[in-house]
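S.K.: Here you go, one structure.
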Amino acid sequence: MTPQRRHAELVHSIEAHNYRYYVLDDPSVTDAEFDTLMVELKALEKEHPELVTPDSPSQRVGGEARANVTKIKREYRMMSLDNAYSAADMGEFHRRVTEGLRDGDVPTFAIEPKLDGASIEVVYEGGRMVQATTRGDGVTGEDITPNVRTIRGVPSRIKHDKKLTLRGEVVIYRKDLDALNADRIAAGLEPFANPRNAAAGAVRMLDPREVAQRPLRVIFYQAVEGPEAKPTHVETLNWLADLGLPTHRRETVTPWEGVMDAIAAIDHARKTYPYETDGAVVKVDSYRQQDALGSTSKFPKWAIAYKFPAEQAVTTVRDIIVQVGRTGALTPVAIMDPVELAGTTVSRASLHNGEQIRLLDVHVGDRVFIQKAGEIIPQVLGVESRAREAGSAHFKMPTHCPECGTAVVMRLREEGKPELGAEATTRCPNRQCPAQVRGRILFFASRSAMAIDHLGDSLVDQLVGKELVKDVADLYDLDVEQVAGLERMGKKSAENVVKSVGASRDRTLDRLLCGLGIPQIGQVAARQLAQELVTLEGTLALSEEEAREKVSGIHGFGPKMVDSVIDFLKNEDERKLMKKLLDRHVGQPQPREVVATEGPLVGKSFCVTGVLTRKREDVHALLRAAGGTIFDSVKKGTTYLVAGDKTGKTKLDQAKKFGVQVISEEEMDKLLAGT
Ligand code: AMP
Ligand code: ZN
Numbered sequence: 006m007t008p009q010r011r012h013a014e015l016v017h018s019i020e021a022h023n024y025r026y027y028v029l030d031d032p033s034v035t036d037a038e039f040d041t042l043m044v045e046l047k048a049l050e051k052e053h054p055e056l057v058t059p060d061s062p063s064q065r066v067g068g069e070a071r072a073n074v075t076k077i078k079r080e081y082r083m084m085s086l087d088n089a090y091s092a093a094d095m096g097e098f099h100r101r102v103t104e105g106l107r108d109g110d111v112p113t114f115a116i117e118p119k120l121d122g123a124s125i126e127v128v129y130e131g132g133r134m135v136q137a138t139t140r141g142d143g144v145t146g147e148d149i150t151p152n153v154r155t156i157r158g159v160p161s162r163i164k165h166d167k168k169l170t171l172r173g174e175v176v177i178y179r180k181d182l183d184a185l186n187a188d189r190i191a192a193g194l195e196p197f198a199n200p201r202n203a204a205a206g207a208v209r210m211l212d213p214r215e216v217a218q219r220p221l222r223v224i225f226y227q228a229v230e231g232p233e234a235k236p237t238h239v240e241t242l243n244w245l246a247d248l249g250l251p252t253h254r255r256e257t258v259t260p261w262e263g264v265m266d267a268i269a270a271i272d273h274a275r276k277t278y279p280y281e282t283d284g285a286v287v288k289v290d291s292y293r294q295q296d297a298l299g300s301t302s303k304f305p306k307w308a309i310a311y312k313f314p315a316e317q318a319v320t321t322v323r324d325i326i327v328q329v330g331r332t333g334a335l336t337p338v339a340i341m342d343p344v345e346l347a348g349t350t351v352s353r354a355s356l357h358n359g360e361q362i363r364l365l366d367v368h369v370g371d372r373v374f375i376q377k378a379g380e381i382i383p384q385v386l387g388v389e390s391r392a393r394e395a396g397s398a399h400f401k402m403p404t405h406c407p408e409c410g411t412a413v414v415m416r417l418r419e420e421g422k423p424e425l426g427a428e429a430t431t432r433c434p435n436r437q438c439p440a441q442v443r444g445r446i447l448f449f450a451s452r453s454a455m456a457i458d459h460l461g462d463s464l465v466d467q468l469v470g471k472e473l474v475k476d477v478a479d480l481y482d483l484d485v486e487q488v489a490g491l492e493r494m495g496k497k498s499a500e501n502v503v504k505s506v507g508a509s510r511d512r513t514l515d516r517l518l519c520g521l522g523i524p525q526i527g528q529v530a531a532r533q534l535a536q537e538l539v540t541l542e543g544t545l546a547l548s549e550e551e552a553r554e555k556v557s558g559i560h561g562f563g564p565k566m567v568d569s570v571i572d573f574l575k576n577e578d579e580r581k582l583m584k585k586l587l588d589r590h591v592g593q594p595q596p597r598e599v600v601a602t603e604g605p606l607v608g609k610s611f612c613v614t615g616v617l618t619r620k621r622e623d624v625h626a627l628l629r630a631a632g633g634t635i636f637d638s639v640k641k642g643t644t645y646l647v648a649g650d651k652t653g654k655t656k657l658d659q660a661k662k663f664g665v666q667v668i669s670e671e672e673m674d675k676l677l678a679g680t
């Protein structure tokens, strides 16, 4: 087969998998099988650079950062939607529509969820995605084509040659945001308050490589140019879906009487949708009728957005405390009377920073509105009634750390931008601050890092309070007697603590790097980093240039991440700590994860379980070397479950459920031998 043919084949199947994963939400291959195809594509493109086009799936990791923003003037103005908040507002909309149409020309209405993200326009020409822009002021938007190319659910090619201009919403699914936020917290970054903020910020970033790291999706809700042959909006959406473009649920209702019920049904079901929905959009379905109705300078007259009321609650602020986190950030938190909000009981809400408290003018004793932004972190929206005691003082951010008394450092995130002033941060600069030390130790010991059992909150409090532990390396010097001398610690529990700390020496470099809490580096990035750096000793021996060269070559590492790693590796305190860990023999070399592209098991995935005649790690290594991929659980798409003695029932049930073939160790050996 010619390289051209194979290239076309690979592009086709990779895009088909992207479609199943990101548009249908129904993957047909494992991540590993997908990776194998990507590896082959990249190898082929390396050999034949002339085959690389901007729309190749290999380019979805994002190209060079832009130096500045290019504005693009669009042909069709991108409008906003008129809003309705009540049945009466909707009745008014219906009246205006009826009046705008000839007598007896009864409209059918299309009803769809209103997606809460950022709107964009995407243009296809000759079957290829050629341009994407933000809404901007409606007429002029920012060119974000390289960013949208990184979004895997947006097909780079479609089977339609004529020009097609589409409008859609960039969103982040709730489950993806949870994962993204967990990673950000692990990397010491602020979690996003809601999917909209995360999506809207991402589409406009200057560096597409960073955009590629955000789990963005686009859902198209309108075609403004191209679908001439289709008489209605919904038929157009169906046609777009047939072309492989992501669309969302829609239904039609005639006459008007069913519209409010359809809206109520969306309100009722929206908690089960994968994306945030803040309302329902009602549109006149027929293009002929839409044209007859026309638009105002701001909105089309044939559509309206019905906004659902946000879930809010009112409660009383009893106290405002300041918490100091692992990174030294000071966060004011309102302690409130417990109240029910969106299905959970809430008694704390973040007040973000001093600026926010000043703007809201919140005092202890006030009754406040709280809201779950994107149903994640409760926040104080405003004051409902002021019940403060006469002369009660304004809350002020402390000038000194409440934990260690060190003078704090205040920083505005961006100089000269007052609207961003609300994001000012206050930090305790003292590395030895007990709150930070505690936070770092708990983080180091956490599941996603060194996974040290028996190191709970109260134990760590005591260890730090009694100055038995000043940094994470000191953990390895603890002896049973010291630990047994602490409150609520018997000899047995002390032994357990010392034993689990000792056992954590065997963790590989990825966990150690994750546990050190390098800013910007979460669990996944730490693993990639460890693949490059291999050992702690080797890492410490690198010059800055060598380190930079290694780190900047890592797939998906943008400049911010690279700088953060380099700063960390240069930092004297961090180096001292790493040496101290090295002296205590903490951390094992990172095993190489070679993706074998040849061998009898390429494209096959395995889960190995039960008692085998060999060590499980050794079996994994054999399978990997033959091109196989290993999972630690049985999932949909896993090829084989290798079942040793005493295989658990859960694993077997999973295998049955997903139609995974169960084989013995001998059968596995035959596969390995290629027979
Ligand atoms: P607003 O920004 O509140 O004026 O609402 C208008 C915006 O809602 C549009 O610009 C779109 O980005 C967005 N939107 C979300 N879902 C839809 C939908 N189903 N149909 C049309 N617009 C939508
Ligand atoms: Zn402090």
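When the sequence shown is numbered by this note's numbering, its final residue is 680 and no position is left out of the sequence of numbers.
Note that beta-carbon positions come from the ideal geometry of N, C-alpha and C, so glycine has one too.
Since this is a predicted model, take the numbers as computed values, not measurements.
1. Closest to residue 104 by CA distance: which of 150, 135, 18 and 294 is it?
2. For residue 393 and residue 362, what's the separation of their Cα atoms in angstroms?
3. Just the residues with CB closer than 7 Å to a heavy atom of the ligand ZN, in chain order, which are they?
4. Which of the three DSSP states, helix, strand or coil, is assigned to residue 254?
5. Does the beta-carbon of residue 119 have 16 or more other beta-carbons within 10 angstroms, so that it is buried, or is it exposed?
6. Can you tell me whether DSSP reads residue 612 as helix, strand or coil?
7. What is the residue span of the alpha helix (DSSP H) that residue 585 lies within?
8. Would residue 404 be called buried (16 or more neighbouring beta carbons within 10 Å of its own) or exposed?
9. Give me the Cα-Cα distance between residue 467 and residue 227, rounded to the nearest whole angstrom.
10. Compute the minimum distance between the beta carbon of residue 227 and the heavy atoms of the ligand HEM, and state whether it is under 7 Å.
11. What's the gap between the Cα of residue 450 and the Cα of residue 522?
12. The ligand AMP and residue 302: does any heavy atom of the ligand fall closer than 7 Å to the residue's C-beta?
13. Which of the three DSSP states is assigned to residue 359 in this structure?
14. Whole beta strand (DSSP E) runs in the stretch 160-225 with 3 or more residues, listed along the chain?
15. Is the closest heavy atom of the ligand AMP to the C-beta of residue 517 under 7 Å?
16. Exposed or buried, which one is residue 88 when buried takes at least 16 other CB atoms within 10 Å?
17. Please list, in chain order, all residues of the same chain as residue 264 whose beta carbon is under 8 Å from its beta carbon, the five residues on each side excluded.
18. State the DSSP-derived secondary structure class of residue 53, mapped to helix, strand or coil.
19. Classify residue 665 as buried or exposed, calling it buried when 16 or more other Cβ atoms lie within 10 Å of its own Cβ.
20. Since residue 431 is in the beta strand (DSSP E), which residue starts that stretch and which ends it?
21. Decide yes or no for the touch test of the stretch 55-69 against the stretch 267-284: beta carbon pairs closer than 8 Å, at least 3 of them.
22. Compute the distance between the beta-carbons of residue 344 and residue 338, then report whether it is under 8 Å.
23. Classify residue 562 as buried or exposed, calling it buried when 16 or more other Cβ atoms lie within 10 Å of its own Cβ.
24. Please classify residue 412 as buried or exposed, where buried requires at least 16 neighbouring CB atoms within 10 angstroms.
25. Report whether the distance from the Cβ of residue 539 to the nearest heavy atom of the ligand AMP is below 7 Å.
26. Looking only at C-alpha atoms, which of 508, 324 and 484 sits nearest to residue 499?
27. State buried or exposed for residue 550, treating a residue as buried only when at least 16 other CB atoms are found within 10 Å of its CB.
28. Just grab the DSSP bridge partners of residue 375 for me.
29. Touching or not, the stretch 595-609 and the stretch 532-542, by the rule of three or more beta carbon pairs under 8 Å?
30. Check whether the stretch 509-520 and the stretch 489-498 are in contact - that is, three or more C-beta pairs closer than 8 Å.
31. Please work out which residues of its chain come closer than 8 Å, Cβ to Cβ, to residue 422, disregarding the five sequence neighbours upstream and downstream, and give them in chain order.
32. Is residue 286 near the ligand AMP - that is, is its Cβ less than 7 Å away from at least one heavy atom of it?
33. Can you tell me whether DSSP reads residue 101 as helix, strand or coil?
34. Among residues of its own chain, excluding the 5 on either side of residue 670, which ones have a beta-carbon nearer than 7 Å to its beta-carbon?
35. From 680, 8 and 643, pick the residue whose C-alpha is nearest to that of residue 35; which is it?
36. Would you mind reading off the limits of the beta strand (DSSP E) that contains residue 416?
M.R.: Let me spell this out:
1. Start at 1 with the first residue of the sequence shown, and residue 104 comes out as number 99. Looking from the CA of residue 104, the closest CA among 150, 135, 18 and 294 belongs to 294.
2. To locate residue 393, count along the sequence shown from 1; it is residue 388. To locate residue 362, count along the sequence shown from 1; it is residue 357. Straight through space, the alpha carbons of residue 362 and residue 393 are spaced by roughly 15 Å.
3. Counting every residue whose Cβ lies closer than 7 Å to a heavy atom of the ligand ZN, we get 329, 333, 406, 408, 409, 411, 433, 435, 438, 440 and 441.
4. Here residue 254 is taken as the residue at index 249 of the sequence shown, counted from 1. Secondary structure at residue 254: coil, using DSSP grouped into helix, strand and coil.
5. Position 114 of the sequence shown, counted from the start, is the residue given in the question as residue 119. Classified as buried, residue 119 has 16 or more neighbouring CB atoms from the shown chains inside 10 Å of its CB.
6. The count along the sequence shown starts at 1 and reaches residue 612 at position 607. Strand.
7. In the sequence shown, the residue the question calls residue 585 occupies position 580. Residue 585: member of the alpha helix (DSSP H) spanning 577-588, first to last residue.
8. Here residue 404 refers to the residue found at position 399 of the sequence shown. So residue 404 ends up on the exposed side.
9. In the sequence shown, counting from the first residue as 1, residue 467 sits at position 462. In the sequence shown, counting from the first residue as 1, residue 227 sits at position 222. Each residue's CA atom was taken as its position, placing residue 467 and residue 227 some 60 Å apart.
10. In terms of ligand content, the structure shown lacks the ligand HEM and carries the ligand AMP and the ligand ZN instead.
11. Within the sequence shown, the letter at position 445 stands for residue 450. Within the sequence shown, the letter at position 517 stands for residue 522. Answer to the nearest angstrom: the Cα atoms are 11 Å apart.
12. Numbered from its first residue, the sequence shown carries residue 302 at position 297. No - the ligand AMP has no heavy atom lying nearer than 7 Å to the Cβ of residue 302.
13. Locating residue 359 in the sequence shown gives position 354, where the first residue counts as 1. Residue state, collapsed to three classes: helix.
14. The stretch 160-225 contains, as complete beta strand (DSSP E) runs of 3+ residues, the segments 169-177 (chain order).
15. By 1-based counting over the sequence shown, the position of residue 517 is 512. Not so, every heavy atom of the ligand AMP lies at least 7 Å from the Cβ.
16. Along the sequence shown, read from residue 1 onward, the residue named residue 88 stands at position 83. Classification for residue 88: exposed.
17. Your numbering for residue 264 matches position 259 in the sequence shown. These residues qualify, in order along the chain: 95, 99, 114, 116, 258 and 287.
18. Residue numbering aside, residue 53 sits at position 48 when the sequence shown is read from its first letter. For residue 53, the three-state secondary structure derived from DSSP is coil.
19. As a first step, residue 665 must be located in the sequence shown, where it is residue number 660. Classification of residue 665: buried, given that the 10 Å Cβ count is 16 or more.
20. Here residue 431 refers to the residue found at position 426 when the sequence shown is read from its first residue. That run of the beta strand (DSSP E) goes 430-432.
21. Too few Cβ pairs lie closer than 8 Å, so no.
22. In the sequence shown, counting from the first residue as 1, residue 344 sits at position 339. In the sequence shown, counting from the first residue as 1, residue 338 sits at position 333. Not a contact, by the Cβ cut-off of 8 Å.
23. Here residue 562 refers to the residue found at position 557 when the sequence shown is read from its first residue. Buried.
24. Position 407 of the sequence shown, counted from the first residue, corresponds to residue 412. Result: exposed.
25. Position 534 of the sequence shown, counting from 1, holds the residue named residue 539. No; taking the cut-off as 7 Å, the Cβ of residue 539 has no heavy atom of the ligand AMP nearer than that.
26. As a working note, residue 499 is residue 494 in the sequence shown. Taking the Cα of residue 499 as reference, the smallest distance to any Cα among 508, 324 and 484 is reached at 484.
27. As a position in the sequence shown, residue 550 is number 545, starting the count at 1. With fewer than 16 other Cβ atoms within 10 Å, it is exposed.
28. Sequence index remark: in the sequence shown, residue 375 carries index 370 (1-based). Partner(s): 318 and 385.
29. A contact exists between the stretch 595-609 and the stretch 532-542.
30. In this structure the stretch 509-520 does not lie against the stretch 489-498, because fewer than three pairs of beta carbons, one per stretch, are closer than 8 Å.
31. Translated into the one-based positions of the sequence shown, residue 422 becomes position 417. Reliability fails at residue 422, whose pLDDT of 43 lies under 50, so the model's placement of it is uncertain and the value that follows must be treated cautiously. Only residues of its own chain outside the window of five on either side were considered, and among them none has a CB closer than 8 Å to the CB of residue 422.
32. For the purposes of this step, residue 286 is identified with residue 281 of the sequence shown, where counting begins at 1. Under cutoff, so the answer is yes.
33. For this step, residue 101 is matched to residue 96 along the sequence shown. Residue 101 falls in the helix class under three-state DSSP.
34. Walking along the sequence shown from the start, residue 670 turns up at place 665. Contacts found: 617, 618, 647 and 649.
35. Translated into positions along the sequence shown, residue 35 becomes position 30. For residue 35, the closest C-alpha among the options 680, 8 and 643 is that of 643.
36. What you label residue 416 is simply residue 411 of the sequence shown in a count that begins at 1. DSSP places residue 416 in the uninterrupted beta strand (DSSP E) bounded by 414-416.
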